[in-house]
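Chains as they are written, first to last, in this note's numbering: chain A, 180 to 502; chain B, 180 to 502.
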């Protein structure tokens, strides 16, 4: 929860005028998201999210993120749609920072995802992957395989502060991933961070996907691997195969999982667990205990990783090929 | 800015059902208010604020606050209206705390109040005072004259940590206030905390008053004294008599200031400065520097107090009696 950049009513009125959204009615800083500052704005034209981009977002990536939301939205994916001002711009400045206005998506994210949520998620993820074809911009996955070793190097000397076994575990696992990572999988635009708090539901119906600020080009199936980690473990870190089955079945019903993708899924799931283990470990060691943002325990991903290490095939995630 | 109590989507859906407000569409924790947790909620019936009452609010006071908002709203004051559930209740429980749902008021609070804002504020304050007549419940001002000495006793030994002169200043001023405080003024329900962030405007038009959680029975003119402190000083602590005049003129145009009220205003303004000096000093000494809520410098109110000490009559606040 965080509002890093405060905006005055006068600055905001000036900022919003060129969008032609009628009268500004209200603006509330919202306590969600950890990277950027977000305000929920009402105007006579409706509800919008104003995002002020903070330091962790690379300005050069913003056209990719905003362009992707436009591209997906035009192809039927329910996601925030960047609003263009009278000059056609989606990216402007506010309070000395880059800022954009997007449509507000109604919906609640599921604090305790159920099987039905996972089924809907799988379908929506596949729809997003399909809709992302032909998107003209490209962004490498800064937190993909090539980025893990350099990230680990930044904190490996202090890994023992988290757990005595951590350095060895990561070292061994990175070596395994380096030698086993598949290179022949269908590529495309992935969300790369589709945790429950980025997926909205109204009742049991999925109402939208948000937060495309990690989106990039990578293996499509890696996005599924992220979701298996993020949606299908119980609070006690037991993998729930019923949820896994629903997620994979939902996905496969919209976009068929190829044989190489099915085969690669256990390795991809290990990679996804590694990605979050690394970023959480880094943040754990570099975020003051007193920061506004709650630190998340990296060990959660050691537990997930150990499960994936024992997985033999996609069947262990609950998948039953339809054919 | 703070969301102290997190609420799950399931808890919220259960909580909101008895209000008959249609489908729950979204819920965002908002980064405003320092006492309670507030969520901005959209349902198919409109926008609402869900307030979860935290420890600093006395549960026994809640019927007064919520009843007052209902009373004022019924008499034309634009303020949040508590929503009654199917059993007629305005106060319920959520996440183990007291909670209420009120209508959402559109509007922005003015970061830099202008003369026009002060004029509108004066009128709205007088309208609130008039509308508050006959409200059947009663609440003493816990932060009025009788409460200042006990509050000071809690931190007087540490006052020097803020400023070497502070203990003597407060001691002397409390003695003056004790001997000079007027007892013959018209009484009624006052807001008692009507700072700019509690007054909403759409454009230059006042759209509503919020946050009645300090409201109480006291001298009506004391509420004006609070507003003089809160609205009419510039960032450099110079009193702006044009703003003072607008505030007082706006008030007097709706509810005539009696001669005793006019005479008492300088003492009341000293008292109001003392009230915020005391609470800010207490909070300054008792809030960890690392807390979620920004500490506000008590010395701001020493500066205001020194201005009021030099005031001779209400004319120094810009007031020109209409008759």
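By construction, the Cβ of each residue, glycine as well, lies at the ideal position given by its N, Cα and C atoms. Bear in mind that the values here come from a model prediction, so they are computed numbers and not experimental data.
Starting from residue 484 of chain B, follow the alpha helix (DSSP H) in both directions and report where the run begins and ends. Here residue 484 of chain B corresponds to residue number 305 of the second chain, with the count starting at 1. Here the alpha helix (DSSP H) through residue 484 of chain B covers 478–489.
Below 6 Å CB to CB, which residues in the same chain sit around residue 450 of chain A once its five sequence neighbours on both sides are set aside? Here residue 450 of chain A refers to the residue found at position 271 of the first chain. Around residue 450 of chain A: 356.
CB residue 397 of chain B to CB residue 323 of chain B, shorter than 8 Å? Residue 397 of chain B sits at position 218 when you count from the first residue of the second chain. Residue 323 of chain B sits at position 144 when you count from the first residue of the second chain. Yes, the pair counts as a contact, with Cβ atoms nearer than the cut-off.
Quick one, which of A:464, A:201 and A:392 has its alpha-carbon nearest residue 339 of chain A's? The count along the first chain starts at 1 and reaches residue 339 of chain A at position 160. For residue 339 of chain A, the closest of A:464, A:201 and A:392 by C-alpha to C-alpha distance is A:464.
Touch test, the region 313–320 of chain A against the region 257–267 of chain A, Cβ-Cβ under 8 Å, three pairs minimum: At 8 Å Cβ cutoff, the stretches do not touch.
Looking only at its own chain, which residues have a Cβ that is under 6 Å from the Cβ of residue 197 of chain A, when we skip the five neighbours before and after it? Within the first chain, residue 197 of chain A is the residue found at index 18, counting from 1. Taken in chain order, the residues that qualify are 264 and 265.
Contacting residues, own chain, Cβ-Cβ under 6 Å from residue 385 of chain B (five flanking each side not counted): Mapped onto the second chain, residue 385 of chain B falls at position 206. Excluding sequence neighbours, residue 385 of chain B sits near 299 and 303.
Could you give the distance in angstroms between the alpha-carbon of residue 231 of chain A and the alpha-carbon of residue 221 of chain A? Your numbering for residue 231 of chain A matches position 52 in the first chain. Your numbering for residue 221 of chain A matches position 42 in the first chain. Distance between the alpha carbons of residue 231 of chain A and residue 221 of chain A: 17 Å.
Taking C-beta to C-beta, are residue 447 of chain B and residue 368 of chain B nearer than 8 Å? Within the second chain, the letter at position 268 stands for residue 447 of chain B. Within the second chain, the letter at position 189 stands for residue 368 of chain B. At the C-beta level, residue 447 of chain B and residue 368 of chain B stay beyond 8 Å of one another.
Kindly list the residues whose CB is nearer than 6 Å to the CB of residue 381 of chain B, restricted to its own chain and excluding five residues on each side of it in sequence; keep chain order. Taking the first residue of the second chain as position 1, residue 381 of chain B is located at position 202. In chain order, 286 place their CB closer than 6 Å to the CB of residue 381 of chain B, counting only its own chain and leaving out the 5 sequence neighbours on each side.
Start and end of the alpha helix (DSSP H) containing residue 243 of chain A? Numbered from 1 along the first chain, position 64 holds the residue referred to as residue 243 of chain A. For residue 243 of chain A, the uninterrupted alpha helix (DSSP H) run begins and ends at 241–253, by DSSP.
Going by C-alpha distance, which of A:475, A:477 and A:424 is nearest residue 492 of chain A? Within the first chain, the letter at position 313 stands for residue 492 of chain A. Check the Cα spacing between residue 492 of chain A and each of A:475, A:477 and A:424: the tightest is with A:424.
With C-beta atoms as the reference, is residue 375 of chain B less than 8 Å away from residue 409 of chain B? In the second chain, counting from the first residue as 1, residue 375 of chain B sits at position 196. In the second chain, counting from the first residue as 1, residue 409 of chain B sits at position 230. Against a cut-off of 8 Å, the Cβ pair of residue 409 of chain B and residue 375 of chain B comes out as a contact.
Segment contact flag, the region 416–434 of chain A with the region 387–397 of chain A, C-beta cutoff 8 Å, min 3 pairs: Not touching, per the Cβ criterion.
Rounded to the nearest angstrom, what separates residue 281 of chain B and residue 210 of chain B at their Cα positions? As a first step, residue 281 of chain B must be located in the second chain, where it is residue number 102. As a first step, residue 210 of chain B must be located in the second chain, where it is residue number 31. So the alpha carbons of these two residues sit roughly 17 Å apart.
Within-8 Å CB hit, residue 360 of chain B to chain A: Within the second chain, the letter at position 181 stands for residue 360 of chain B. Under the 8 Å criterion on CB atoms, residue 360 of chain B is classed as non-interfacial with respect to chain A.
Report the option in A:271, A:244, A:372 and A:497 whose CA atom is closest to the CA atom of residue 193 of chain A. For the purposes of this step, residue 193 of chain A is taken as residue 14 along the first chain, with counting starting at 1. Nearest C-alpha to residue 193 of chain A among A:271, A:244, A:372 and A:497: A:271.
Extent of the continuous beta strand (DSSP E) run through residue 305 of chain A: Start at 1 with the first residue of the first chain, and residue 305 of chain A comes out as number 126. Per DSSP, residue 305 of chain A belongs to no beta strand (DSSP E); it is in the alpha helix (DSSP H), 294–310.
Pick out whichever of A:224, A:208 and A:182 has its Cα sitting closest to the Cα of residue 171 of chain A. Outside the modelled stretch of chain A, which goes from 180 to 502, sits residue 171 of chain A, for which no answer is possible.
Would you please verify whether the beta carbon of residue 298 of chain B is less than 8 Å from any beta carbon of chain A? Translated into the one-based positions of the second chain, residue 298 of chain B becomes position 119. In terms of beta-carbon proximity, residue 298 of chain B stays away from the interface with chain A, with every pair separated by 8 Å or more.
Contact list for residue 189 of chain A against chain B, beta-carbon separation under 8 Å: Locating residue 189 of chain A in the first chain gives position 10, where the first residue counts as 1. Correct list: 290 and 291.
Under 6 Å Cβ to Cβ from residue 257 of chain B, same chain only, skipping five residues before and after it: list those, please. Residue numbering aside, residue 257 of chain B sits at position 78 when the second chain is read from its first letter. These residues qualify, in order along the chain: 387.
Residue 275 of chain A CB to nearest chain B CB: under 8 Å? On the first chain, residue 275 of chain A is found 96 positions in, with the first residue counted as 1. With 8 Å as the cut-off, residue 275 of chain A does not count as an interface residue toward chain B.
Outcome for residue 216 of chain A when other beta-carbon atoms lying within 10 angstroms are tallied against a minimum of 16: Walking along the first chain from the start, residue 216 of chain A turns up at place 37. Residue 216 of chain A should be labelled buried.
Is DSSP giving residue 406 of chain A helix, strand or coil here? Numbered from its first residue, the first chain carries residue 406 of chain A at position 227. Shown here, residue 406 of chain A sits in a helix according to DSSP, grouped into three states.
Listed from N- to C-terminal order along the chain, which residues in the region 442–457 of chain B have their beta-carbon within a distance smaller than 9 Å of any beta-carbon of chain A? Correct list: empty, as no residue qualifies.
Which complete alpha helix (DSSP H) runs does the region 416–467 of chain B hold, if anything under 4 residues is left out? Uninterrupted alpha helix (DSSP H) stretches at least 4 residues long and entirely within the region 416–467 of chain B occur at 420–433 and 438–465, given in chain order.
Would you verify that the beta carbon of residue 206 of chain A is, or is not, closer than 8 Å to some beta carbon of chain B? As a working note, residue 206 of chain A is residue 27 in the first chain. Residue 206 of chain A counts as touching chain B.
Is the distance from the Cβ of residue 309 of chain B to the Cβ of residue 482 of chain B below 8 Å? What you label residue 309 of chain B is simply residue 130 of the second chain in a count that begins at 1. What you label residue 482 of chain B is simply residue 303 of the second chain in a count that begins at 1. Going by C-beta atoms, residue 309 of chain B is not nearer than 8 Å to residue 482 of chain B.
Would a C-beta distance cut-off of 8 Å place residue 130 of chain B and residue 353 of chain B closer than the cut-off? The structure shown has nothing for residue 130 of chain B, since chain B only spans 180 to 502.
Give a yes or no on whether 8 Å exceeds the smallest Cβ distance from residue 387 of chain A to chain B. As a first step, residue 387 of chain A is located in the first chain; it is residue number 208 there, counting from the start. Chain B contact via Cβ: absent.
Own chain residues within Cβ distance below 6 Å of residue 307 of chain B, not counting five before or after: Residue 307 of chain B sits at position 128 when you count from the first residue of the second chain. 256, listed in sequence order.
Pull the bridge partners of residue 227 of chain A from the DSSP assignment, please. Within the first chain, residue 227 of chain A is the residue found at index 48, counting from 1. Partner(s): A:220 and A:282.
Using 8 Å as the limit for Cβ to Cβ distance, is residue 341 of chain B near chain A? By 1-based counting over the second chain, the position of residue 341 of chain B is 162. No - not a single Cβ of chain A is within 8 Å of the one on residue 341 of chain B.
Go ahead and label residue 205 of chain A buried or exposed: buried means 16 or more other beta carbons lie within 10 angstroms of its beta carbon, across all protein chains shown. Your numbering for residue 205 of chain A matches position 26 in the first chain. Around the CB of residue 205 of chain A, 16 or more other CB atoms lie within 10 Å, so the residue is classed as buried.
So, does the CB of residue 305 of chain A fall closer than 8 Å to a CB anywhere in chain B? For this step, residue 305 of chain A is matched to residue 126 along the first chain. At a cut-off of 8 Å between beta-carbon atoms, residue 305 of chain A makes no contact with chain B.
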